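S.K.:
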Amino acid sequence: MMNFIIEKYFESNNFKIYESIQFDKFPITIFNSQTNSEKLMDFVLKLPERIYEKSSNKIKGVLIFIDEFQLLKS
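Position 74 (the sequence shown) corresponds to 74 in the UniProt record's numbering; numbering is contiguous.
And the structure:
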């Protein structure tokens with residue numbers, strides 16, 4: 001389950017280099033991330049299929065729940 005959480009984070013965000021700093025002799029890159037709604041929706045819609053493909057030998061049946069997706073803007 002933890003792999004899906006990490007994968008979701010990287011697949012649903014856009015990353016940019018915010019700043020590069022030097023600590024002693026080591027360069028450190030600081031990243032900035034912003035949620036990409038399209039990537040997040042794509043990940044969420046494909047996730048059940050990927051879970052089924054990876055665990056099809058353990059799954060005895062499938063339940064389908066249909067809900068509406070809303071994009072909330074603040």
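No residue lacks a Cβ here, since even glycine has one placed at the ideal position from N, Cα and C.
Quick caveat: nothing in here was measured; it's all calculated off a predicted structure.
Among F31, Y52 and I6, which has the Cα closest to the Cα of E60?
M.R.: One point to set straight first is that residue 60 is Lys, not Glu, in the sequence displayed. K60 has its Cα closest to that of Y52, out of F31, Y52 and I6.
S.K.: If you draw a straight line from the C-alpha of residue 79 to the C-alpha of D24, how long is it?
M.R.: The question about residue 79 has no answer here: the residues shown for the chain are numbered 1 through 74.
S.K.: Quick one: grab the DSSP three-state call for F23.
M.R.: Here F23 sits in strand by DSSP.
S.K.: Suppose the cutoff is 7 Å on Cβ atoms and the five residues either side in sequence are ignored; what does the same chain contact list for P48 look like?
M.R.: Counting only Cβ-Cβ distances below 7 Å, and skipping sequence neighbours, we find nothing.
S.K.: Nearest by alpha-carbon distance to F31: which of V44, N13 and R50 is it?
M.R.: Per the Cα distances, N13.
S.K.: For F10, which of helix, strand or coil comes out of DSSP?
M.R.: Residue state, collapsed to three classes: helix.
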